[in-house]
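Quick notes on the structure that follows.
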Amino acid sequence: MPLKADLDAIDWKILKQLQDNGRITNVELAERVGISAPPCLRRVRKLEEAGIIQGYRAILNGAILGQDIVAFCMIRLHRQSDADLKNFAEKTKHWTLVRRAWMVSGESDFLLHCVASDLSTFQNFVIEELTSTPNVDSVRTSLTIRSVKNEPLMVL
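At position 57 of the sequence shown the residue is numbered 58 (the working numbering), and the sequence of numbers has no breaks.
Okay, structure coming up:
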């Protein structure tokens, strides 16, 4: 599969290191990838400006913070016109329980990754928001039992 970005071996090493530890200092990063600090910083900025690095986040422990319910919702729409798909996608941006959302192919049109403080909150969201949204044909949910793997999003 062709890459959409022109990256060399050092760029790939930088991406791997940052994905493993986004708080690494530039000096440490430069040392780990085998270049000096100034060109390392220039490369990181170039990767950010190109949109390859989209941002930096802290990964929080939801269970400790009272966000114990993690669920996936598979949404099927009555109509899948471009306007209908865009309309539903826009609605997902306003639902705070929805943490990630994908338009998908297959039996469902959207896959939503939801996080809630408790089962009642999640149930209310499904009943009062999702199922009552215009053009929603069906909502199937899957509650997670426990996380068994949590790796960075990209394989580098």
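Beta carbons: idealized from backbone N, C-alpha and C, even for Gly. A quick note: this is a predicted structure, and the numbers were derived from the prediction, not measured.
Check	Outcome
Using DSSP bridges, identify the partner residues of His114.	Phe73 and Arg101
Could you say which of Pro39, Asp110 and Asp119 lies nearest to Ile65 if we only look at CA atoms?	Asp119
On the DSSP letters alone, give me the boundaries of the alpha helix (DSSP H) that Thr145 sits inside.	Thr145 -> no alpha helix (DSSP H), and no H or E assigned at all.
Can you tell me whether DSSP reads Asp9 as helix, strand or coil?	coil
Restricting to Cα atoms, I'd like to know which of Phe111, Gln20, Trp96 and Met75 is closest to Glu130.	Trp96
Could you give the first and the last residue of the continuous alpha helix (DSSP H) run that contains Arg43?	Ala38 to Glu50
Going by beta carbon distance, what residues of the same chain come within less than 8 angstroms of Thr132, once the five residues before and after it are set aside?	Val140
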